[in-house]
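Taking it in order: structure first as structure tokens, then the write-up.
2 protein chains.
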Amino acid sequence: MLKLSAATADGREQIVGLLYPADFVGRPFAEEAEHSVTALTDVELCVFPRKPFEAALENHVRMERLLLRRTLAALDEARARMLMLGRKTAEEKVASFLLDMAHHLGGPRQPGETSFDLPLTRAQIADVLGLTIETVSRQMTKLKRDGLIGLPSGRVVTIRDRRALQERAEAA
Amino acid sequence: MLKLSAATADGREQIVGLLYPADFVGRPFAEEAEHSVTALTDVELCVFPRKPFEAALENHVRMERLLLRRTLAALDEARARMLMLGRKTAEEKVASFLLDMAHHLGGPRQPGETSFDLPLTRAQIADVLGLTIETVSRQMTKLKRDGLIGLPSGRVVTIRDRRALQERAEAA
DNA sequence: CGGGGAGTTGATCACCATCAACATCAGTGG
DNA sequence: CCACTGATGTTGATGGTGATCAACTCCCCG
Numbered sequence: 001m002l003k004l005s006a007a008t009a010d011g012r013e014q015i016v017g018l019l020y021p022a023d024f025v026g027r028p029f030a031e032e033a034e035h036s037v038t039a040l041t042d043v044e045l046c047v048f049p050r051k052p053f054e055a056a057l058e059n060h061v062r063m064e065r066l067l068l069r070r071t072l073a074a075l076d077e078a079r080a081r082m083l084m085l086g087r088k089t090a091e092e093k094v095a096s097f098l099l100d101m102a103h104h105l106g107g108p109r110q111p112g113e114t115s116f117d118l119p120l121t122r123a124q125i126a127d128v129l130g131l132t133i134e135t136v137s138r139q140m141t142k143l144k145r146d147g148l149i150g151l152p153s154g155r156v157v158t159i160r161d162r163r164a165l166q167e168r169a170e171a172a
Numbered sequence: 001m002l003k004l005s006a007a008t009a010d011g012r013e014q015i016v017g018l019l020y021p022a023d024f025v026g027r028p029f030a031e032e033a034e035h036s037v038t039a040l041t042d043v044e045l046c047v048f049p050r051k052p053f054e055a056a057l058e059n060h061v062r063m064e065r066l067l068l069r070r071t072l073a074a075l076d077e078a079r080a081r082m083l084m085l086g087r088k089t090a091e092e093k094v095a096s097f098l099l100d101m102a103h104h105l106g107g108p109r110q111p112g113e114t115s116f117d118l119p120l121t122r123a124q125i126a127d128v129l130g131l132t133i134e135t136v137s138r139q140m141t142k143l144k145r146d147g148l149i150g151l152p153s154g155r156v157v158t159i160r161d162r163r164a165l166q167e168r169a170e171a172a
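Protein sequence lines, in the order shown, are assigned to chains A and B. Per UniProt numbering, the very first residue in the first sequence carries number 1; after that it's consecutive. Per UniProt numbering, the very first residue in the second sequence carries number 1; after that it's consecutive.
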């Protein structure tokens, strides 16, 4: 898993995207990358030199089409995240985030509880949500106190009541 | 000019994109649109039925390539806006917004002052920046008091000191 | 046993939201 | 011509959410 992040001149950081296995990272047709890329777990990357890659896009229509589809999907995701950053409360942000992670990392879609291991530190979660570490921590313990999730240890999260969690995440 | 917006279930709105003349709007390869589109000014749209449009993309490589480039640019812009929404203060948001508008609407890049007419109401500016109308209004009057901008009337804005405004916008 | 990073919890503060009153202006109809 | 209305914008008072500052715990690893 990778994080894609941007930062202000004075060091404030915002994670603008999370990349899962089989995702694409890079910015064809631009001189310079605008974001920094950081590995959150051990990672195996398949690297292509820019020029040959762009040439391949030109020569293989299907490849270009695939990239277009992925880019459109990434744009949708980015916009959903804009709604979250601009208009959701801290609790809604944390709840949405946990549901997102469960969706990507959760085992088979079981009816009962789901558990997974967060690949992010609290600080990184804060950078995804536009919050501080302390606020993230407080919201997580609140969700735990209310019985919606379990926090057995460090990075492990258990979704106890997905329905209720979705209600706290509000919006789409 | 058009606005592209998303909303939470309980009605909070976030503008996720602004479209200028010659821009593209639409979501090929998806069943349903995720956002609502609203005209901010009188607008002339060139509409294509989905199926023929997608077919045209398949048959005209150059067209598909153009759309890919535009989509990548839109993604960059969306991510820049995520940094703004998540990590900037109200003053920084308003300053960045005004610079953005000046960039798009301002006349020729003169050394002196630039003036333009905001196509957005305060409420819409607030929805772009993830703020409330009142906060937007207050920040604008503060920038005016400090001599960085002028607000001759209603929607008209004059950039008096671009340099200083850029400093208040901080980040990239 | 010591050290450092990660996470939690508490106390306080500041920024921005909220609520409310008022100002301004364009459009409408008396 | 002017009062009336509604939409838009400004300004003020107050409060709450989340940031900040700080202390402490827990682990992992030396």
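Even glycine gets a Cβ: it sits at the ideal position worked out from N, Cα and C. Keep in mind it's a predicted model, so treat the numbers as computed, not measured.
**OP:** Show which residues of chain A have a CB atom less than 7 Å away from the CB atom of B/Leu75.
**Re:** Thr71, Ala74, Leu75 and Ala78
Subject >> Three-state secondary structure assigned by DSSP to B/Ser153 >> reply: coil
**OP:** For A/Asp117, write down the residues that DSSP places opposite it in a beta bridge.
**Re:** A/Val156
Original post:
Which residues of chain B have a Cβ atom closer than 9 Å to the Cβ of A/Arg27, listed in chain order?
Top reply: Leu72, Leu75 and Asp76
Subject >> Expected contact under 8 Å - CB spacing of B/Val157 and B/Leu151 to nearest Å >> reply: 6 Å
Original post:
Apart from the five residues just before and just after A/Gly17, which ones in its own chain have a Cβ nearer than 6 Å to its Cβ?
Top reply: Leu4
Original post:
Measuring CA to CA, which of A/Leu118, A/Ile125, A/Pro28 and A/Val136 is closest to A/Pro49?
Top reply: A/Pro28
Original post:
Which parts of the segment 33–75 of chain A are runs of the alpha helix (DSSP H), unbroken and 4 residues or longer, counting only runs that do not cross its ends?
Top reply: 50–59
**OP:** Could you spell out the range, first to last residue, of the beta strand (DSSP E) harbouring A/Val25?
**Re:** A/Val25 -> no beta strand (DSSP E), and no H or E assigned at all.
Subject >> Any chain A beta carbon closer than 9 Å to B/Thr8 >> reply: yes
Subject >> Exposure of B/Ala114, with buried meaning 16 or more beta-carbon neighbours within 10 Å >> reply: For the record, residue 114 of chain B in the displayed sequence is Thr; it is not Ala. Buried is the call here.
Subject >> Buried versus exposed, by CB contacts within 10 Å (16 or more), B/Asp23 >> reply: exposed
Subject >> Closest residue to A/Ala39 among A/Met101, A/Asp127, A/Arg79 and A/Met1 (Cα-Cα distance) >> reply: A/Met1
**OP:** Taking 8 Å as the threshold, find out whether the segment 125–145 of chain B comes into contact with the segment 81–99 of chain B through three or more Cβ pairs.
**Re:** yes
**OP:** Could you round the C-beta distance between A/Gly106 and A/Phe116 to whole angstroms and report it? I think they count as a contact, below 8 Å.
**Re:** 5 Å
Original post:
Would A/Ala30 pass as a contact of B/Leu72 if the rule is Cβ separation under 9 Å?
Top reply: yes
Original post:
Does the beta-carbon of A/Val43 have 16 or more other beta-carbons within 10 angstroms, so that it is buried, or is it exposed?
Top reply: exposed
Subject >> Near-chain B residues of the UniProt domain "HTH crp-type" (88–163) of chain A - C-beta to any C-beta below 9 Å >> reply: Lys88, Glu92, Asp127, Val128, Leu129, Gly130 and Leu131
**OP:** Tell me, please, whether the CB atom of B/Val37 is closer than 9 Å to any CB atom in chain A?
**Re:** no
Original post:
Closest by CA to B/Ala102, which one among B/Arg160, B/Ala7 and B/Asp10?
Top reply: B/Arg160
Original post:
Which chain B residues are close to A/Met82, counting only those with a beta carbon under 7 Å from its beta carbon?
Top reply: Gln14, Val16, Ala78, Arg81, Met82 and Leu85
Original post:
Between which two residues does the beta strand (DSSP E) carrying B/Lys3 extend?
Top reply: Leu2 to Ala7
Subject >> Local conformation of A/Leu143 per DSSP, three classes >> reply: helix
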